[in-house]
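Structure first, commentary second.
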C-alpha cells in the first residue's frame, strides 16, 4: 500500500484528452452535440481529479458550462483539465476546450467549465484528498478564483433557497408582465 502525500502539485494531475469529432457526434444542425462535449469534459475531469486524489472520484456539480463556439465534424477537440482548488474531500477541476481544424490549422477556444468532484474511499464515503502545491502565479490565481467561485455559489444557493421558502406566487405575479408566458389556469 502506498502512502498518499500531503500535497501534490497542480502539474502532477494536469490532464489533456484529445478526440476526433466524427459524424455520429453531430446534432441535427450538423454541429457536435453539446452532450458529447459534456461527456468528454466529465471524463477529463474524472481523470484529473482521480489522479490528484489517488482515489475514485464522483462529479458533484458542473458550473459555468459556456459553449462559446460550435465544434465541427472532423475537428480535433482537446480538453485540458487541471485541479484549481481542493477542499477536504472535494476538488474543483477547471477545463478549457479547444477545437482544431487540422486542414487549416485554425484553433478556437470552444468551452470552459468547472467540475466539482468528491473523492471516495474503499467504503464509498468521501475521503480526504492531498492539498494542492501551487507552483506558479497562474496556479495561485486559479486557486483564488476558485475560492471566489465557491463563495459565490454558496451565497447563491443560500439566497435562492431562502427566496423559495418565502415566495408567494400571488404576490409575485406582477413579474410575469412583459414575459413570454400566459397563465392557463384561473387564480
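Numbering (my numbering), first residue to last: 178 to 364.
Note that beta-carbon positions come from the ideal geometry of N, C-alpha and C, so glycine has one too.
In this text, all values refer to a predicted model and were calculated from it rather than measured experimentally.
Check: Report yes if the CB atom of residue 221 is closer than 9 Å to the CB atom of residue 275, and no otherwise.; Outcome: no
Check: Can you say whether residue 358 is buried or exposed, counting buried as having 16 or more other CB atoms within 10 angstroms of its CB?; Outcome: exposed
Check: Across the segment 240 to 252 and the segment 179 to 189, are there enough close Cβ pairs to call them in contact, namely three or more that are closer than 8 Å?; Outcome: no
Check: If we define contact as Cβ-Cβ less than 9 Å, is residue 260 a contact residue for chain D?; Outcome: No chain D appears in the structure shown, which is made up of a single protein chain.
Check: Excluding sequence positions up to five away, which residues of its chain have a Cβ less than 8 Å from the Cβ of residue 353?; Outcome: 360
Check: Exposed or buried, which one is residue 209 when buried takes at least 16 other CB atoms within 10 Å?; Outcome: buried
Check: So, residue 242 versus residue 268, is the Cβ gap smaller than 9 Å?; Outcome: no
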